[in-house]
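2 protein chains.
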Amino acid sequence: MIKLYELAGAEDNRRFSPFCWRVRFALLHKGLLFESIPWRFTEKEAIAFSGQGKVPVIVDGETVIYDSWAIAEYLEETYTDRPLLFGGESSKALSRFVTDWVETVLHPGIFRLTLTDIYAHLHPVDKDYFRKTREQWLGMKLEEVCANRNNDVLSFRNSLAPLRATLQRQSFLAGSEAAWADYVTFSAFQWSRCISSFPLLEAKDPIVSWCDQMLNLFDGEANKASSWNI
Amino acid sequence: MIKLYELAGAEDNRRFSPFCWRVRFALLHKGLLFESIPWRFTEKEAIAFSGQGKVPVIVDGETVIYDSWAIAEYLEETYTDRPLLFGGESSKALSRFVTDWVETVLHPGIFRLTLTDIYAHLHPVDKDYFRKTREQWLGMKLEEVCANRNNDVLSFRNSLAPLRATLQRQSFLAGSEAAWADYVTFSAFQWSRCISSFPLLEAKDPIVSWCDQMLNLFDGEANKASSWNI
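First to last, the sequence lines map onto chains A and B.
Just so we're aligned, residue -16 is where the first sequence starts under my numbering, counting upward by one.
Just so we're aligned, residue -16 is where the second sequence starts under my numbering, counting upward by one.
Pasting the structure below:
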């Protein structure tokens, strides 16, 4: 059975990494059985065998892969008889653009709005590490970054305009059924949902109905994680 | 032969509409012969037969289609033996996200940086119409919108992060060859190039090399239009 090393918070079931969620969805999409191994930021030695220090990492027999995109590529190339994650070369290329949009727009936006909530849900062994590394990157206290979030969320919502426009025309980013582009995008909202009660979206936002559909996929997998609401 | 009604500026060859450029590329991609008919904003009666007042409009035999996305869909469904513009259902859905990103991020960004240059290149018959309608939308003079463009261009360049990231990994948005997603995105830069000498991109930006490739497609079609440099 495939092993998936996933970031966890104070509780083993508080799995909040968006990079790990997209891999979890990819495994479910492919219908592959896997065992989840909760991991914390500071447990570098537990994944040292992968040659680097971040999750997700999967172990499939003798094969060790890290980096969510590389894992998706590996699963697609290895399990060709299962449902396609990308749907072909051109869809894969276009899915890369969605992934890059998520990582350069959606992630930084959510990060700055929920930083203090991430901190609150970390396992005690990770708290000092997280505060120190993140405050060094940001050049300010976690609390300062989030201080004006009620106002900052307005420009965050504006930054979602392309996602909103597409989801007003079609059920999923990948078309009539969810695929990698949807997993990678929804995992960012799931990240927030798992550690924060801060309302990223207005209730009437069309993105909310898509999130509801994503929450229900695979017998409500995303719904089962320890979380707040979106 | 297909007729394409295209927005033109002071000269017939000053074709600057990004929506028309994407259709021109789509026709070239499909290898379809077409005749271009230069059109100005105020010539509403010339396209009244289409039931609305904007270009691009194509006339293919008895069929009249307006709206660039609808035209692309029509060409894809009608000329199935020609190279695919989208590349399949899932690629089409993902291309829609790229199109929505272009229309909600790239177009508004370029519009605000080049508004006075667009005005300068309009046909005399369009100048009053353009100034009046645009200043009403914007609530300010064209000149005021562009007043701080040397500074505003910095956040515009930041907004291109997802495009830049993807083009650092692969030749085209659609993969190893250009397709709709590339046409729709490059047409925004071509729009600017046709009416403005304002430098949207830094010379070292990886987006510039992709623009160079796009300029060379179809025997340098985009290069032949009356334009400045990118």
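C-beta: ideal position from N, C-alpha, C; glycine also.
- In the DSSP annotation of this structure, residue 30 of chain B is not part of any alpha helix (DSSP H), being labelled neither H nor E.
- Interface annotation, residue 31 of chain B: not in contact with chain A, CB-CB separation never under 9 Å.
- With 16 or more other Cβ atoms from the protein chains shown falling within 10 Å of its own Cβ, residue 59 of chain A counts as buried.
- With distances taken between CA atoms, residue 66 of chain A lies nearest to A:14 out of A:48, A:14, A:-13 and A:130.
- Neighbours of residue 99 of chain A in chain B, taken as residues whose beta carbon is under 9 Å from its own, are absent, since the nearest beta carbon is some 25 Å off.
- Counting along the chain, residue 52 of chain B sits inside the alpha helix (DSSP H) bounded by residues 51 to 61.
- In this structure, DSSP gives residue 84 of chain A a helical state, which the three-state scheme calls helix.
- Residue 84 of chain B sits away from residue 120 of chain A, with the two beta carbons spaced by 9 Å or more.
- The way I'd put it, the region 107 to 121 of chain A doesn't touch the region 101 to 117 of chain B; fewer than three beta-carbon pairs between them come closer than 8 Å.
- Separation of the CB atoms of residue 144 of chain A and residue 97 of chain B is rounded to 20 Å, and the pair is thereby denied contact status at 8 Å.
- Look at residue 188 of chain A here: in three-state DSSP terms it is coil, with no helix or strand label.
- The three-state reading of DSSP puts residue -11 of chain A in strand, counting E and B together.
- Contact between residue 74 of chain A and residue 73 of chain B holds: their C-beta atoms lie close to 4 Å from each other, under 8 Å.
- Of all C-beta pairs linking the region 202 to 209 of chain B to the region -10 to 5 of chain B, three or more are shorter than 8 Å, placing the two stretches in contact.
- Interface annotation, residue 208 of chain A: not in contact with chain B, CB-CB separation never under 9 Å.
- Only residues of its own chain outside the window of five on either side were considered, and among them 170 and 173 have a CB closer than 6 Å to the CB of residue 4 of chain B, listed in chain order.
- Of all residues in the region 58 to 78 of chain B, only 67, 69, 70, 71, 72, 73, 74, 75, 76, 77 and 78 come within less than 9 Å of chain A when Cβ atoms are compared, listed by chain position.
- With a cutoff of 9 Å on beta-carbon distance, residue 77 of chain B and residue 157 of chain A are scored as near each other.
- In the three-state reduction of the DSSP assignment, residue 64 of chain A falls in the coil class.
- Per DSSP, reduced to three states, the secondary structure at residue 72 of chain B is helical.
- Taking 9 Å as the CB threshold, residue 135 of chain B stays off the interface with chain A.
- Interface residue (Cβ-Cβ distance to chain A less than 9 Å): residue 153 of chain B is classified as such.
- In the three-state reduction of the DSSP assignment, residue 203 of chain B falls in the helix class, which pools H, G and I.
- Residue 42 of chain A is bridged by DSSP to A:-14 and A:47.
- Under the three-pair Cβ rule at 8 Å, the region 125 to 132 of chain A counts as touching the region 89 to 108 of chain A.
- The beta carbon of residue 184 of chain A is closer than 6 Å to those of 190 and 191 in its chain, skipping five residues each way along the sequence.
- Going by beta carbons, residue 21 of chain A and residue -9 of chain A fall inside the 9 Å limit.
- Contact with chain A is absent for residue 9 of chain B, since none of that chain's Cβ atoms lies less than 9 Å from the residue's Cβ.
- Within 7 Å of the CB of residue 84 of chain A, the CB atoms of chain B belong to 84 and 145, in sequence order along the chain.
- Within chain B, the residues placing a beta-carbon under 8 Å from that of residue 148 of chain A are 83, 86 and 87, ordered along the chain.
- Chain order gives the chain B residues near residue 162 of chain A as 73, where near means a beta carbon separation below 7 Å.
- In the three-state scheme derived from DSSP, where H, G and I count as helix and E and B as strand, residue 22 of chain B is classed as strand.
- The beta carbon of residue 105 of chain B lies closer than 6 Å to those of -8 and 113 in the same chain, with the five residues before and after it left out.
- For the C-beta of residue 157 of chain B, the chain A residues within less than 8 Å are, from N- to C-terminus, 73, 76 and 77.
- DSSP places residue 164 of chain A in the uninterrupted alpha helix (DSSP H) bounded by 163 to 178.
- Here residue 8 of chain A carries a helix assignment [DSSP, helix/strand/coil].
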